[in-house]
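Below is one structure, written out as structure tokens; the observations come after it.
Number of protein chains: 2
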Amino acid sequence: MSIAVINLAEKFGKIKELHSYKLVARMNDYHFKLVKMKREFIWHSHPETDEVFMIIDGNMQIALREETLYLKRGEMVVIPKGIEHKPSSSEECKILLIEPVGTINTGSAGGDLTDTEIEWI
Amino acid sequence: MSIAVINLAEKFGKIKELHSYKLVARMNDYHFKLVKMKREFIWHSHPETDEVFMIIDGNMQIALREETLYLKRGEMVVIPKGIEHKPSSSEECKILLIEPVGTINTGSAGGDLTDTEIEWI
Numbered sequence: 001m002s003i004a005v006i007n008l009a010e011k012f013g014k015i016k017e018l019h020s021y022k023l024v025a026r027m028n029d030y031h032f033k034l035v036k037m038k039r040e041f042i043w044h045s046h047p048e049t050d051e052v053f054m055i056i057d058g059n060m061q062i063a064l065r066e067e068t069l070y071l072k073r074g075e076m077v078v079i080p081k082g083i084e085h086k087p088s089s090s091e092e093c094k095i096l097l098i099e100p101v102g103t104i105n106t107g108s109a110g111g112d113l114t115d116t117e118i119e120w121i
Numbered sequence: 001m002s003i004a005v006i007n008l009a010e011k012f013g014k015i016k017e018l019h020s021y022k023l024v025a026r027m028n029d030y031h032f033k034l035v036k037m038k039r040e041f042i043w044h045s046h047p048e049t050d051e052v053f054m055i056i057d058g059n060m061q062i063a064l065r066e067e068t069l070y071l072k073r074g075e076m077v078v079i080p081k082g083i084e085h086k087p088s089s090s091e092e093c094k095i096l097l098i099e100p101v102g103t104i105n106t107g108s109a110g111g112d113l114t115d116t117e118i119e120w121i
């Protein structure tokens, strides 16, 4: 059995497209996903789970209904389950997401931005 | 309700002692713990859970029975449940651990290095 050391910068180097979620690790029933984001996402929530955003490089913001969170490299946040949020980034931001296997990026909102084909890199 | 942005470097700045685990976040039933390590830890395993090591600064190694993993800043690894491992670092290494609430640092091995009083910072 071989256990892989995961270099996050190297993994991001393999991701050519924006907004394409890639799996890099699994811990029990949780996935670690990378995404390069440069867009305004949609309002959505995950009624069944908390969700972690960790900023590997760049800056992003996460609008909540009553405040806006500003995140930069080396920072993370836990969005509690059921809380509506709208991530956005005006420049490319490299994000590590941690959430249960099967969590959908658009949560219960659905729509065109839903990404259901997530590959391992 | 206020949601905290967690700056990992700032949190590490508040940790004065080596080998004192501190909680910085909870996602569902998982804890995010910081520790500054400079020692050779003991062989142990967690029969009930995988465990994530993410290196925020410095270098460390994790001996397994058949290989040794070398990790540096920006790298992470998932140690599968039940796999014996022995973390060590000759210089101070800043580590983010992700594991289920209640996971004990020494796993099923126990002993003097067991840390059961983990505070939030």
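Protein chains in written order, with my numbering: chain E, 1 to 121; chain P, 1 to 121.
Even for Gly, the Cβ is constructed at its ideal location relative to N, Cα and C.
None of the values given here were measured: they were computed from a predicted structure.
Closer than 8 Å to chain E by CB, residue i
{"i": "P/Asp-115", "result": "no"}
{"i": "P/Asn-7", "result": "yes"}
{"i": "P/Ile-3", "result": "yes"}
{"i": "P/Ile-98", "result": "yes"}
Cβ-Cβ separation, residue j to residue i (assumed contact under 8 Å), whole Å
{"i": "E/Met-27", "j": "E/Ser-89", "result": "The Cβ separation is near 26 Å, so there is no contact."}
{"i": "E/Lys-86", "j": "E/Phe-41", "result": "6 Å"}
{"i": "P/Asp-29", "j": "P/Pro-100", "result": "6 Å"}
{"i": "P/Glu-119", "j": "P/Lys-22", "result": "6 Å"}
{"i": "P/Leu-71", "j": "P/Ile-83", "result": "Actually they do not touch by this definition, with Cβ atoms about 15 Å apart."}
Test: residue i CB closer than 8 Å to a CB of chain P
{"i": "E/Leu-64", "result": "yes"}
{"i": "E/Glu-84", "result": "no"}
{"i": "E/Thr-103", "result": "no"}
{"i": "E/Thr-106", "result": "no"}
{"i": "E/Ile-121", "result": "no"}
{"i": "E/Asp-50", "result": "yes"}
{"i": "E/Ile-95", "result": "no"}
Residue i vs residue j beta-carbon contact at 8 Å
{"i": "E/Gly-74", "j": "P/Asn-7", "result": "yes"}
{"i": "E/His-31", "j": "E/Thr-106", "result": "no"}
{"i": "E/Ile-121", "j": "E/Lys-94", "result": "no"}
{"i": "P/Asp-50", "j": "P/Val-78", "result": "yes"}
{"i": "E/Thr-103", "j": "E/His-19", "result": "no"}
{"i": "P/Val-35", "j": "P/Leu-97", "result": "yes"}
{"i": "P/Leu-64", "j": "E/Ile-15", "result": "no"}
Span of the beta strand (DSSP E) around residue i
{"i": "P/Leu-23", "result": "22–27"}
{"i": "P/Glu-75", "result": "75–79"}
{"i": "P/Lys-86", "result": "85–88"}
{"i": "E/Phe-32", "result": "30–37"}
{"i": "E/Pro-100", "result": "93–100"}
{"i": "E/Glu-51", "result": "51–57"}
{"i": "P/Thr-68", "result": "68–72"}
Residue i, enclosing alpha helix (DSSP H) - first and last residue
{"i": "P/Glu-10", "result": "8–13"}
Short-range partners of chain P found in the segment 53–81 of chain E, where Cβ spacing is below 9 Å: Of all residues in the segment 53–81 of chain E, Met-54, Ile-56, Ile-62, Leu-64, Glu-66, Glu-67, Leu-69, Tyr-70, Leu-71, Lys-72, Gly-74, Glu-75, Met-76, Val-77, Val-78, Ile-79, Pro-80 and Lys-81 have a Cβ within less than 9 Å of some Cβ in chain P.
If you measure beta-carbon to beta-carbon, which residues of the segment 17–33 of chain E are closer than 9 Å to chain P? From the segment 17–33 of chain E, only Val-24, Ala-25, Arg-26, Met-27, Asn-28, Tyr-30 and Phe-32 have a Cβ closer than 9 Å to chain P.
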